[in-house]
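A.B. asks:
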Amino acid sequence: MSGCLLTVEGIEGVGKTTNIKWICECLEKQGIPYVQSREPGGTALAEEIRQLLLTPRDESMSELTELLLVFSARAQHLHQLIQPALARGEWVVCDRFTDATYAYQGGGRGLDSTIIAALETLVQGELRPDLTLILDIEPAQGLARAYQRGAPDRFEQEAIGFFSRVRQAYLDRALISPERYLIVDAGKELVNVQQQIKTGLEQFCQRHAAAASPTGDLTHGD
Numbered sequence: 001m002s003g004c005l006l007t008v009e010g011i012e013g014v015g016k017t018t019n020i021k022w023i024c025e026c027l028e029k030q031g032i033p034y035v036q037s038r039e040p041g042g043t044a045l046a047e048e049i050r051q052l053l054l055t056p057r058d059e060s061m062s063e064l065t066e067l068l069l070v071f072s073a074r075a076q077h078l079h080q081l082i083q084p085a086l087a088r089g090e091w092v093v094c095d096r097f098t099d100a101t102y103a104y105q106g107g108g109r110g111l112d113s114t115i116i117a118a119l120e121t122l123v124q125g126e127l128r129p130d131l132t133l134i135l136d137i138e139p140a141q142g143l144a145r146a147y148q149r150g151a152p153d154r155f156e157q158e159a160i161g162f163f164s165r166v167r168q169a170y171l172d173r174a175l176i177s178p179e180r181y182l183i184v185d186a187g188k189e190l191v192n193v194q195q196q197i198k199t200g201l202e203q204f205c206q207r208h209a210a211a212a213s214p215t216g217d218l219t220h221g222d
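Its first residue numbered 1, the sequence shown is counted upward by one per residue in full-length UniProt numbering.
And the structure:
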């Protein structure tokens with residue numbers, strides 16, 4: 001079995017945490033070894049950088065500082081967790097990855113995508129996700145969900161226009177390499193969202209049989 005990098009993307013409130021947990025339960029049921037992680041974060045050092053990025057503070061953070069912190073955390077995450085897991089033949093299920101950088105720092109902050117692409121190559125080399133799920137939702141609906149979780153972090157404090165740009169950047173990314181992306185309507189009921197994900201994962205496994213069970217069936221229930 002070969003390793004697989006599966007990333008789950010989307011703006012705040014799309015249900016990434018819930019659906020990643022469900023995906024991992026499906027993999028475990030099928031006997032597929034996996035590691036669950038997140039960005040920014042995933043290692044002790046990268047989690048410290050995460051706190052720098054998410055914690056509101058009096059001193060404003062420049063767009064370039066934010067971008068470099070994101071890639072610093074990613075470099076450590078790749079070195080310490082992602083690349084070793086892939087080398088062992090495991091799946092890595094990651095809550096956000098570089099598509100989030102193009103969406104948030106590119107689309108949201110307005111940074112030039114060529115700068116992001118240069119850092120992507122420097123930090124990742126040729127490594128790209130095998131499959132990316134974009135959980136898509138109207139920003140107003142997603143933010144309403146996110147605000148129910150408690151005090152907003154530094155990103156959640158942004159205006160709705162910021163998240164509209166982030167969402168559009170995600171959708172634009174999916175147009176570039178449609179074979180790598182699955183856009184999921186995350187505004188629907190959870191059972192419908194998970195059916196969309198299940199169908200997409202099974203199609204992916206059929207295309208990459210070495211990374212799936214013999215049946216290619218990732219059904220979680222009976």
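Beta carbons: idealized from backbone N, C-alpha and C, even for Gly.
Are L133 and V8 touching if we call contact CB-CB under 7 Å?
C.D. replies: Counted from its first residue, the sequence shown places residue 133 at position 133. Counted from its first residue, the sequence shown places residue 8 at position 8. Cβ atoms of L133 and V8: closer than 7 Å.
A.B. asks: State the DSSP-derived secondary structure class of E9, mapped to helix, strand or coil.
C.D. replies: For the purposes of this step, residue 9 is taken as residue 9 along the sequence shown, with counting starting at 1. Reduced to three states, the DSSP call for E9 is strand.
A.B. asks: Does any C-beta atom of chain B lie closer than 7 Å to the C-beta of Q83?
C.D. replies: Absent from the structure is chain B; it holds one protein chain and no more.
A.B. asks: Just reading off the alpha helix (DSSP H) that T98 is part of, what are its end residues?
C.D. replies: To locate residue 98, count along the sequence shown from 1; it is residue 98. T98 to T101 is the span of the alpha helix (DSSP H), which, as asked, contains T98.
A.B. asks: Looking at T101: is its Cβ nearer than 7 Å to the Cβ of I116?
C.D. replies: Taking the first residue of the sequence shown as 1, we reach residue 101 at position 101. Taking the first residue of the sequence shown as 1, we reach residue 116 at position 116. Using a Cβ distance threshold of 7 Å, T101 and I116 count as a contacting pair.
A.B. asks: With DSSP run on the structure shown, which of helix, strand or coil describes V184?
C.D. replies: Taking the first residue of the sequence shown as 1, we reach residue 184 at position 184. DSSP places V184 in strand when its eight states are reduced to three.
A.B. asks: Can you round the beta-carbon distance between V129 and R207 to whole angstroms, since I take them to be within the 8 Å contact cut?
C.D. replies: Against the sequence shown, residue 129 aligns to sequence position 129. Against the sequence shown, residue 207 aligns to sequence position 207. The question names Val, but residue 129 is Pro in the sequence shown. The pair is not a contact, with the Cβ atoms about 14 Å apart (cut-off 8 Å).
A.B. asks: I11 and V166: beta carbons closer than 7 Å?
C.D. replies: Here residue 11 corresponds to residue number 11 of the sequence shown, with the count starting at 1. Here residue 166 corresponds to residue number 166 of the sequence shown, with the count starting at 1. At the C-beta level, I11 and V166 come within 7 Å of one another.
A.B. asks: For I137, count neighbouring C-beta atoms within 10 Å of its own C-beta (all shown protein chains included) and say buried if the count is 16 or more, exposed if not.
C.D. replies: By one-based count along the sequence shown, residue 137 stands at place 137. Classification of I137: buried, given that the 10 Å Cβ count is 16 or more.
A.B. asks: Can you grab the Cα-Cα spacing for the pair E202 / I23, in whole Å?
C.D. replies: Walking along the sequence shown from the start, residue 202 turns up at place 202. Walking along the sequence shown from the start, residue 23 turns up at place 23. Answer to the nearest angstrom: the Cα atoms are 12 Å apart.
A.B. asks: Given that a residue counts as buried once 16 or more other Cβ atoms are within 10 Å of its Cβ, and exposed if not, what is L27?
C.D. replies: Indexing the sequence shown from 1 puts residue 27 at position 27. So L27 counts as buried.
A.B. asks: Terminal residues of the continuous beta strand (DSSP E) containing S164?
C.D. replies: The residue labelled residue 164 in the question sits at position 164 within the sequence shown. Here S164 belongs to no beta strand (DSSP E); instead the alpha helix (DSSP H) covers I160 to I176.
A.B. asks: Please determine if the segment 79 to 96 and the segment 139 to 148 are in contact, where contact requires at least 3 C-beta pairs separated by less than 8 Å.
C.D. replies: Result no; under three Cβ-Cβ pairs closer than 8 Å.
A.B. asks: For A151, does the count of other Cβ atoms within 10 angstroms reach 16, so buried, or fall short, so exposed?
C.D. replies: Translated into positions along the sequence shown, residue 151 becomes position 151. A151 should be labelled exposed.
A.B. asks: Determine the DSSP secondary structure at R207, reduced to helix, strand or coil.
C.D. replies: Within the sequence shown, residue 207 is the residue found at index 207, counting from 1. When secondary structure is reduced to three states using DSSP, R207 falls in the helix class.
A.B. asks: What do you get for P33, buried or exposed, if any count of 16 or more other CB atoms within 10 angstroms of its CB means buried?
C.D. replies: As a working mapping, residue 33 is identified with position 33 in the sequence shown. Looking at its Cβ environment, which holds fewer than 16 other Cβ atoms inside 10 Å, P33 is exposed.
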